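Be aware that the sequence shown starts at 15, since it is given in my numbering, and climbs by one per residue. Scroll down for the structure; my scribbles are underneath it.
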Amino acid sequence: MTFCKGPVLTDGIDRHGWAEIGSARYYREYVLALKPVIIRGGFDHWPARRKWNLHFLRDHYKDLPVTVGGSPRKLGEFIEEVLASTKDRPAPYLHNHPMELWPAEVQAEISPMPDCTRPNWLESRWFPSRKPLTYIEAYIGGPGAKFPVLHYDGLHTHAFLMQIEGVKEYVAFPPDAERFVYPQNPGSNVSQIDIENPDYDRYPLFRHADGFRFELYPGETLFVPAGWWHTARILAPSITVSINGVNAANWKTFFGDFYRSKLNACRSKARAGFKRLLMSYKPLF
Ligand SMILES: O=C(O)CCC(=O)C(=O)O
Ligand SMILES: [Fe+2]
Numbered sequence: 015m016t017f018c019k020g021p022v023l024t025d026g027i028d029r030h031g032w033a034e035i036g037s038a039r040y041y042r043e044y045v046l047a048l049k050p051v052i053i054r055g056g057f058d059h060w061p062a063r064r065k066w067n068l069h070f071l072r073d074h075y076k077d078l079p080v081t082v083g084g085s086p087r088k089l090g091e092f093i094e095e096v097l098a099s100t101k102d103r104p105a106p107y108l109h110n111h112p113m114e115l116w117p118a119e120v121q122a123e124i125s126p127m128p129d130c131t132r133p134n135w136l137e138s139r140w141f142p143s144r145k146p147l148t149y150i151e152a153y154i155g156g157p158g159a160k161f162p163v164l165h166y167d168g169l170h171t172h173a174f175l176m177q178i179e180g181v182k183e184y185v186a187f188p189p190d191a192e193r194f195v196y197p198q199n200p201g202s203n204v205s206q207i208d209i210e211n212p213d214y215d216r217y218p219l220f221r222h223a224d225g226f227r228f229e230l231y232p233g234e235t236l237f238v239p240a241g242w243w244h245t246a247r248i249l250a251p252s253i254t255v256s257i258n259g260v261n262a263a264n265w266k267t268f269f270g271d272f273y274r275s276k277l278n279a280c281r282s283k284a285r286a287g288f289k290r291l292l293m294s295y296k297p298l299f
């Protein structure tokens, strides 16, 4: 069965060992070119690469708090469900879990970030924001689990997805496929397409989208460049860690989005303040 019928999905993503390609060629041919690639051997220095699997996390970190599908849970209980997950009866998918919520000793096991994620200007102290903008997230799920939407990452950041255990299948469409994937609103980074069951009557142009479909295996890092539409499903019990990034390749689009989001936040704050002022106004006569 294919992940998605209709569009042309080639399994032709490039794969390179980090030592073989080296940072200069990687940066020129993939990062600056905004071209997806899978890098092997980028995070062999992580203790997590040797130690982590679902049984290890269940046994060693069973009391860690997680929120799955809106409800608070303990990691150990959740992983029991993942181990019993099947394609027909999938366990819920823990996705975008902020690693900063877990103890420093756990975070140390996925540190430092691979060189293929650098330079990452979100890590800079000089960035005009009071708190760090990098966000490292964890994803844990079993067969049948899928990421909820086809999207590109918010604020036009790049995504780097490090696969620690299990197998995932991704689809990805280039930024210029926007008109084929029907964003929810003009300018939205979320598509209306249900990738596993596309409604071609409502979204006929989706048949014309050209993209990639490929699998991600343990030890591999997937680079999803800014603006690339993508989503994933799990084929074998899976642990992934991600970080988002900004560098010369996406600085302009990132900063445009960042500036607009700050402006909109200021505008709604000002509107709320003005409304409060009007409500509290009592005529003197
Ligand atoms: O591996 C996945 O589930 C996809 C994650 C993703 O695209 C995201 O968090 O933005
Ligand atoms: Fe994403």
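For every residue, glycine included, the Cβ atom is placed at its ideal position computed from N, Cα and C. For clarity, every value in this text was computed on a predicted model and none was experimentally measured.
Residues near Ser205 in its chain [Cβ-Cβ closer than 8 angstroms; skip 5 each side]:
As a working mapping, residue 205 is identified with position 191 in the sequence shown. The residues Val163, Leu164, His165, Val195, Tyr196, Pro197, Gln198 and Trp243, in chain order, have a CB closer than 8 angstroms to that of Ser205 in the same chain once the five nearest residues on each side in sequence are set aside.
Find the nearest neighbour of Ile248 within the set Glu229, Glu234 and Gly241, judged by alpha-carbon distance.
Within the sequence shown, residue 248 is the residue found at index 234, counting from 1. Here the closest residue by C-alpha is Glu229.
Buried or exposed for Val80, going by 16 or more other Cβ atoms inside 10 Å?
The count along the sequence shown starts at 1 and reaches residue 80 at position 66. That one is buried.
The beta strand (DSSP E) with Arg29 in it runs from where to where?
Here residue 29 refers to the residue found at position 15 of the sequence shown. Arg29 -> beta strand (DSSP E) spans Asp28 to Gly31.
Cβ contact check for the segment 79-94 and the segment 179-194: 3 or more pairs under 8 angstroms
Short answer: they don't touch.
Would you mind sorting Trp60 into buried or exposed? The rule is 16 or more other CB atoms within 10 Å of its CB.
Walking along the sequence shown from the start, residue 60 turns up at place 46. Flag for Trp60 reads buried.
Keeping to the same chain, check which residues put their C-beta closer than 7 angstroms to that of Ile207; ignore five residues upstream and five downstream.
The residue you call residue 207 lines up with position 193 of the sequence shown. Here the set comprises Leu164, Val195, Tyr196, Tyr217 and Phe220.
For Gly1, which residues in the same chain have their Cβ closer than 7 angstroms to its Cβ, ignoring the five residues on either side in sequence?
Residue 1 lies beyond the residue range present for the chain, which begins at 15 and ends at 299; the question has no answer from this structure.
Beta bridge counterpart(s) of Asp102 as assigned by DSSP
Residue 102 sits at position 88 when you count from the first residue of the sequence shown. Answer by DSSP bridge pairing: none, since Asp102 is not bridged.
Looking only at DSSP bridge pairs, what is Gln121 linked to?
In the sequence shown, counting from the first residue as 1, residue 121 sits at position 107. Per DSSP, none; premise fails for Gln121.
Taking the C-alpha atoms as reference points, what is the distance between Ile209 and Asp28?
Walking along the sequence shown from the start, residue 209 turns up at place 195. Walking along the sequence shown from the start, residue 28 turns up at place 14. Each residue's CA atom was taken as its position, placing Ile209 and Asp28 some 23 angstroms apart.
May I ask whether a heavy atom of ligand 1 can be found less than 7 angstroms away from the beta carbon of Asn110?
By 1-based counting over the sequence shown, the position of residue 110 is 96. Relative to ligand 1, the beta carbon of Asn110 is positioned inside 7 angstroms of a heavy atom.
Sorry if obvious, but does the Cβ on His244 come closer than 7 angstroms to a heavy atom of ligand 2?
Start at 1 with the first residue of the sequence shown, and residue 244 comes out as number 230. In this structure, the C-beta of His244 approaches ligand 2 to less than 7 angstroms from one of its heavy atoms.
Name the residue from Arg285, Leu277, Arg274 and Asn264 whose alpha carbon lies nearest to the alpha carbon of Pro133.
Translated into the one-based positions of the sequence shown, residue 133 becomes position 119. The shortest Cα separation from Pro133 among Arg285, Leu277, Arg274 and Asn264 belongs to Asn264.
Between Gly156 and Ser99, how many whole angstroms is the CB-CB distance? I'm expecting something under 8 angstroms.
Counted from its first residue, the sequence shown places residue 156 at position 142. Counted from its first residue, the sequence shown places residue 99 at position 85. Indeed, because the Cβ distance is near 3 angstroms, the residues count as touching under 8 angstroms.
Is it the case that the CB of Leu175 approaches a heavy atom of ligand 1 more closely than 7 angstroms?
Within the sequence shown, residue 175 is the residue found at index 161, counting from 1. Residue side-chain check: Leu175 places its Cβ nearer than 7 angstroms to a non-hydrogen atom of ligand 1.
When you compare only the Cα positions, how much space is there between Val120 and Ile154?
Numbered from its first residue, the sequence shown carries residue 120 at position 106. Numbered from its first residue, the sequence shown carries residue 154 at position 140. One C-alpha to the other measures close to 15 angstroms.
With a CB to CB cut of under 7 angstroms and the five nearest residues on each side skipped, what residues in its chain are close to Val96?
On the sequence shown, residue 96 is found 82 positions in, with the first residue counted as 1. For Val96, where only same-chain residues beyond five positions count, the Cβ hits under 7 angstroms are Leu68, Ala105, Ile154, Gly155, Gly156 and Pro251.
Spatial neighbours of Leu298 in its chain, beta-carbon cut-off 7 angstroms, leaving aside the 5 residues before and after
Taking the sequence shown and counting its residues from 1, one reaches residue 298 at position 284. Below a pLDDT of 50, predicted positions are generally treated as unreliable, and Leu298, at 46, falls in that range; no measurement from the model is reported.
Under a three-way DSSP split, which group does Ser252 fall into?
Here residue 252 is taken as the residue at index 238 of the sequence shown, counted from 1. Looking at Ser252 - three-state DSSP - the assignment turns out to be strand.
DSSP on Ala186, reduced to helix/strand/coil?
Taking the sequence shown and counting its residues from 1, one reaches residue 186 at position 172. Reduced to three states, the DSSP call for Ala186 is strand.
Roughly how many whole angstroms lie between the Cα atoms of Met176 and Asp77?
Your numbering for residue 176 matches position 162 in the sequence shown. Your numbering for residue 77 matches position 63 in the sequence shown. In this structure, the alpha-carbon of Met176 lies about 24 angstroms from that of Asp77.
If I measure Cβ to Cβ from Gly182 and keep anything under 6 angstroms in the same chain, skipping five residues before and after, which residues do I get?
Residue numbering aside, residue 182 sits at position 168 when the sequence shown is read from its first letter. The question names Gly, but residue 182 in the sequence shown is Lys. The beta carbon of Lys182 sits closer than 6 angstroms to the beta carbons of Leu230, Ala246, Ile248 and Ser252 from its chain, once the five residues preceding and following it are set aside; these are given in chain order.
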